[in-house]
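Below is one structure, written out as structure tokens, with a few remarks after it.
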Amino acid sequence: MTNPARVLFRNPFYDGQLVRTLAAAPAGAADLGEALATARQVGRLCGASWHAAWSARAAVALDAAESSAAAGDRVSARLAYLRASEYARQAFYFTRSDIDDDRLQSGYRTHVEAFRAALPLMDGGAHVARIPYEGTHLTGYLLTPPGPARPRPTLVFPAGYDSTAEAGWVNAAGALARGYNALIFEGPGQGGALYVQHLFFRHDFEHVLGPVLDWLLARPETDPAAVVLVGRSFGGYLAPRAAAFEHRIAALVCDPAQPDMGARIPGGFVGKVAGPVATLQTRLSAGRAEFFGARMAAHGLHAIPDYFAELKRFTMIDHAAQIACPTLIVEADRDFAGGGGPRLQQAMTPGRATLVRLTAADGGEGHCAGLGQDLWAQTVYGWLARTLTASPSTTTNALTGAAR
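Position 167 of the sequence shown, counted from 1, bears residue number 167 in the working numbering, the numbering being contiguous throughout.
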């Protein structure tokens, strides 16, 4: 699968991360000028300069937020806090192979603190969620649009392979603008659950989503008949896996669908040497060492062969027919994680899943549609409005049936 068109960096990993921050601009969590100026400061070699440049930009945004807050400018303060949070996340992104790294821990704290400073400045409601989970808790945020408090349809966004509950704001903003509630949360292997609590990914995500829904459905803001699960990035595995077992979901969105993570591991002789070859790559390339190291850290593993074996447990394809709700599967051109959508659709009950493609020609290329976030939102929320019989402004919702 070819890479999307390059924005600035020759290295596709750095360029992809830059795109990720640029794509946060529609949600108010990045400024295009600031982000591009910061990226230019990084230079061609990236490495340590990446952390330094984005950390410095986060500090500037944080100072601006505090100055605006002191002056009584709530809007400027909120937006600057959101930008500071995103830039701090970007700063520690390439330090995640060691979850005890001071750069990660310090950057993560700034990321969370800046986001939480923005919450009281939101136009709608913002509740920090502490969700009971197996003797500890999971962290999330229940966000509600402006207006009278009443039960509303709620979109549930689990975090991805490398994201946090706070980074979920880029998804929540579009839901709030359309009158939906949004719950953004992190499970084992994600955000503070990993960096602070040392909880690692588990393949049976239904055991994570269950307690989350228990908490959510007890909230007065939630319409229990209209809970929508939206899995983006690695959530494209987590969400359909959970939906196969958890039937309190009214609709499911997968972008992209990743129903069988082990399918990416080659078989036969190539599969036998894949682990040693990848291990050698990590010794020759700092970039590959960080790439695999960050992923192994999220699973609590230290050897690539063990990581490859673990990925083979992350499959839900044999359970796909159990998904009972209408499902939208999004495939964007040149998404490195894409390609699994047709397989999930074929494994589901016929007529239950709709597959849509976002194209490079229309601006929807790259991971999770890349810079085409408004195009993505138009596609997804249009489908969702047709799938839930009532609009977000009503208090009762029911399904029309199979997705169109």
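Note that beta-carbon positions come from the ideal geometry of N, C-alpha and C, so glycine has one too.
Burial is judged here by how many other beta carbons sit within 10 angstroms of a residue's own beta carbon; residue 181 has at least 16 and is buried. For residue 224, the enclosing beta strand (DSSP E) covers residues 222-232. Taking a C-beta distance under 9 angstroms as the contact criterion, residue 243 and residue 325 qualify as a contact pair. DSSP places residue 357 within a strand segment (E or B) once states are collapsed to three.
Between the region 211-226 and the region 140-154 there are three or more C-beta pairs closer than 8 angstroms, enough to call the two in contact. Contact between the region 336-356 and the region 268-283 is not established, with fewer than three Cβ pairs separated by less than 8 angstroms. Here the region 92-102 does not lie against the region 112-122, with fewer than 3 beta-carbon pairs under 8 angstroms apart.
When secondary structure is reduced to three states using DSSP, residue 251 falls in the strand class.
Proximity to residue 85 across 246, 63, 306 peaks at 63, based on C-alpha coordinates. Collapsing the DSSP output to three states places residue 199 in coil. Collapsing the DSSP output to three states places residue 154 in a strand.
Straight-line measurement puts the Cα of residue 2 at about 21 angstroms from the Cα of residue 292. For residue 332 and residue 108, the gap between their C-alpha atoms comes out near 30 angstroms. According to the DSSP assignment, residue 59 belongs to the alpha helix (DSSP H) that extends over 48-70. Under the three-state reduction of DSSP output, residue 11 falls in the coil class, being neither helix nor strand.
In the DSSP assignment, residue 137 falls within the beta strand (DSSP E) that extends over 136-144.
Cα atoms of residue 297 and residue 193: separation of roughly 12 angstroms, rounded to the nearest angstrom. The three-state reading of DSSP puts residue 245 in coil, since its state is none of H, G, I, E or B.
Here residue 337 is near residue 233, since their CB atoms are less than 9 angstroms apart. Taking C-beta atoms as the reference points, residue 176 and residue 144 count as a pair closer than 9 angstroms.
With contacts defined as CB atoms closer than 9 angstroms, residue 183 and residue 126 fail to qualify as a contacting pair.
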